[in-house]
Ligand SMILES: [Zn+2]
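Residue numbers (this note's numbering): 5 to 142.
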């Protein structure tokens, strides 16, 4: 075993202080791993719930009226849930694409760094907090 004492990204960046809120190289690696994990999780969740979301069999005599209504409501919730998961997966994919463009971590609207704390909580964030809340008010 050869001890690996070289650390990539340890080089001091002269811009480090000016762009203090931008994630460091190590933090970006961390966030990218989070994104890949999230992508796998969402894929698994969407595939798994697809089996539960078969059309409700309305004519099935063994199923009582109340449980049919339950089943329909449950299915609607699953559908909504899956919709949300699909939307989140699309965001995750968009965020991973932005890594390739080397634009990850910059707000799509104002171009300012989104900030590591926010990205750590939601690595698929495409907007800074200010722009995100502005969009939600629209
Ligand atoms: Zn912004």
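Don't be surprised by glycine CBs; every beta carbon is placed ideally from N, CA and C.
All values derive from a computational prediction rather than experimental measurement.
According to DSSP, is residue i part of a helix, a strand, or is it coil?
i	result
residue 101	helix
residue 12	Below a pLDDT of 50, predicted positions are generally treated as unreliable, and residue 12, at 45, falls in that range; the measurement from the model is reported next regardless. The answer is coil: DSSP assigns residue 12 none of H, G, I, E or B.
residue 106	coil
residue 22	Low local confidence applies: a pLDDT of 40 at residue 22 is under 50, so the model's placement there is unreliable, with the coordinate-based value given in what follows. In the structure shown, residue 22 sits in coil (DSSP, three-state: anything other than H, G, I, E or B).
Under 8 Å between the Cβ atoms of residue i and residue j?
i	j	result
residue 4	residue 92	Here the chain has residues from 5 to 142 only, and residue 4 is not among them.
residue 113	residue 135	yes
residue 49	residue 89	yes
Return the bridge partner residues of residue i from the DSSP annotation.
i	result
residue 127	In DSSP, residue 127 forms no bridge with anything.
residue 27	None; residue 27 has no bridge partner.
Which value, in whole angstroms, describes the spacing of the CA atoms of residue i and residue j?
i	j	result
residue 42	residue 138	26 Å
residue 34	residue 116	20 Å
residue 104	residue 127	15 Å
residue 99	residue 130	7 Å
residue 94	residue 101	11 Å
residue 106	residue 86	30 Å
residue 142	residue 32	31 Å
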